[in-house]
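Heads up: the structure comes next, in structure tokens.
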Amino acid sequence: MEIKPVKEEIIAYGHPNITASHKTTFEITKEENLGKEGDCIIGVKANKACKDLSEEFKNGLKEGKKVEIKIEVEGISDKIIAFGSPALKLSDEKSIVIRKSDFIDKRTLAILADKAACDIKREIIEKMKNPQTKMRILLEIKA
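Taking our numbering, the leading residue of the sequence shown gets 98, the next gets one more, and so forth.
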């Protein structure tokens, strides 16, 4: 019996204040406005936050499995590898945060990531300064 992959897709949009310079995290938020201090945010107006993810996906994360995060913007893509944890809360209603560290709060989707905001391809970040730009974030639990 083949195990089908557990996936989620999130859509987010650009904002002129996106800098993506944070060295340890990146974040996608449902918020529409972004101040200059939000240097970990790579997308706004997201269609999902932690709380909105399927139970199947949350369970995979809570088993501590590897998660592959693929970011796609206008034909350019980047990939991040991170991990779930039994300690994840996945309850935030506005945001999703991926962290290089093992810190966990209600916004944390994955930890021990191999990239933070500052490591994401700059071509993607430049395009995300335009509010019309649409970003696809594909999340896949790896066995």
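Think of the CB as a built atom: it goes at the ideal place given N, C-alpha and C, for glycine as much as any other residue. Since the structure is predicted, the reported quantities are computational estimates derived from the model, not experimental observations.
Among the residues of its own chain, which have a CB less than 6 Å from the CB of residue i, if the five just before and after it don't count?
{"i": "lysine 250", "result": "Because the chain is modelled from 98 through 240, residue 250 falls outside the range shown and cannot be assessed."}
{"i": "lysine 197", "result": "Thr121, Ala210, Ala213"}
{"i": "leucine 158", "result": "Gly181, Leu185"}
{"i": "lysine 162", "result": "Gly181, Ile238"}
State the start and end residues of the unbroken alpha helix (DSSP H) segment that holds residue i.
{"i": "leucine 158", "result": "152-159"}
{"i": "lysine 224", "result": "219-224"}
Would you grab the beta carbon distance between residue i and residue j for me? Rounded to a whole angstrom, and I think it's under 8 Å.
{"i": "alanine 207", "j": "valine 164", "result": "5 Å"}
{"i": "valine 103", "j": "glutamate 160", "result": "Not confirmed; about 10 Å, so no contact."}
{"i": "isoleucine 193", "j": "cysteine 147", "result": "6 Å"}
According to the neighbour-count rule (16 or more other Cβ atoms, all chains shown, within 10 Å of its Cβ), is residue i buried or exposed?
{"i": "aspartate 254", "result": "No answer is possible for residue 254: the residues shown for the chain start at 98 and end at 240."}
{"i": "phenylalanine 200", "result": "exposed"}
{"i": "alanine 179", "result": "buried"}
{"i": "lysine 133", "result": "exposed"}
{"i": "alanine 143", "result": "buried"}
{"i": "leucine 236", "result": "buried"}
{"i": "glutamate 124", "result": "buried"}
Terminal residues of the continuous beta strand (DSSP E) containing residue i?
{"i": "lysine 239", "result": "231-239"}
{"i": "threonine 121", "result": "From DSSP, threonine 121 is part of no beta strand (DSSP E); its letter is neither H nor E."}
{"i": "threonine 205", "result": "205-207"}
Please work out which residues of its chain come closer than 7 Å, Cβ to Cβ, to residue i, disregarding the five sequence neighbours upstream and downstream, and give them in chain order.
{"i": "methionine 225", "result": "Gly111, Ile115, Ile139, Gly140, Val170, Met232"}
Among the residues of its own chain, which have a CB less than 8 Å from the CB of residue i, if the five just before and after it don't count?
{"i": "isoleucine 173", "result": "Lys218, Glu220, Ile221, Lys224"}
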